[in-house]
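Here is the structure we will look at, set down as structure tokens.
In the working numbering, the protein residues as written are 21 to 326.
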């Protein structure tokens, strides 16, 4: 698939596009000149739900997605992953994609909603400093979280049918059945219990429910990456589909934001409130649509022709 700059697919839902987002220099009624939006220089994509497909017992990046990412590279647009998966999981997926033709490897892998590093090598000093601080913060934070949960886990294992629990030095996370409102109810009860833990934030990603300090999360890691690469908010497109993606899709970090049609309802709402785009297509097809809209020839970061 080539990114040809064709019109947005019929049925897409787009948030309000302000006049100054069109890429044309304008002057407000007060005589204040508004800087036009710039072209996208970096695309940041969640993995599950936005660019992966099943492959037996594993997952893979489909050929259409590989072709589109390579086209971004030819146009001088870098891309990054920003996933709750750990580094090794993401690296394995990317290495398989390279074997299947991916040439434009990501500039950075953002992982565990806390860290950033390249696929190979140590990365920038700023990344290493951030990672060290994040790791120390988590090692101080998670024991307080886990102490607050003692005495409640036995009941939760039964009432919420917990499938997996991760109680480690840097991680507190639970997998519950992603059916009905069970994950939402568990996250709500967890939030109440953790009111006594300063900065504790409960995040959901399908059936996964995790706890992080408020200064971490996908949006905060993305902001760190952007500072290190001297990227402005109107030069970055962020794409995700789950509740833990909202911190990078709410317009506070990246101006250009989008999600596929099958994203969580709360994600769609956040994207539209930020003036972004809900694609007409689900999953990776929606991501391809968003890449076309925002990164096609002559596009500004609002998705409009400049």
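From the three backbone atoms N, C-alpha and C, an ideal C-beta is built for every residue, glycine too.
Which term fits residue 178, buried or exposed, when burial requires 16 or more other beta carbons within 10 angstroms of its beta carbon?
It counts as exposed.
How is residue 234 classed by DSSP in three states: helix, strand or coil?
Three-state DSSP puts residue 234 in coil, outside helix and strand.
Let me check understanding here. Comparing Cα to Cα, which of 88, 142 and 102 lies closest to residue 124?
Measuring from the Cα of residue 124, the nearest candidate turns out to be 88.
Determine, using beta carbons only, whether residue 138 and residue 149 come nearer to each other than 8 Å.
Their beta carbons are not under 8 Å apart, which means residue 138 does not touch residue 149 by this criterion.
Would you tell me roughly how many angstroms separate the C-alpha atoms of residue 289 and residue 296, rounded to the nearest one?
Roughly 10 Å between the two C-alpha positions.
Quick one: is residue 103 buried, meaning 16 or more other Cβ sit within 10 Å of its Cβ, or exposed?
Residue 103 is buried by the Cβ-count criterion.
Please identify the residue among 236, 291, 276 and 271 whose C-alpha is closest to the C-alpha of residue 136.
When each option's Cα is compared against that of residue 136, the closest is 236.
Would you check if the stretch 271-286 and the stretch 295-311 touch, i.e. whether three or more CB-CB distances between them fall below 8 Å?
Yes, since at least three Cβ pairs between the stretch 295-311 and the stretch 271-286 fall closer than 8 Å, the two stretches touch.
Residue 101: which of 259, 161 and 151 sits nearest, CA to CA?
That would be 259, whose Cα lies nearest to the Cα of residue 101.
Less than 8 Å between the CB atoms is what I'm expecting for residue 69 and residue 262, so what's the real figure, rounded?
Rounded, the Cβ-Cβ distance is 6 Å, consistent with contact.
With a threshold of 16 other CB atoms inside 10 Å of the CB of residue 183, please say whether the residue is buried or exposed.
By the neighbour-count rule (16 or more Cβ atoms within 10 Å), residue 183 is not buried but exposed.
Can you tell me whether residue 141 is buried or exposed, with buried defined as 16 or more other CB within 10 angstroms of its CB?
With fewer than 16 Cβ atoms within 10 Å of its Cβ, residue 141 is classed as exposed.
How far does the beta strand (DSSP E) with residue 264 in it reach, from first residue to last?
Taken as a continuous stretch (DSSP letters only), residue 264 belongs to no beta strand (DSSP E), as it is neither H nor E.
I need the DSSP call for residue 182, collapsed to helix, strand or coil.
In this structure, residue 182 counts as coil in the three-state DSSP scheme.
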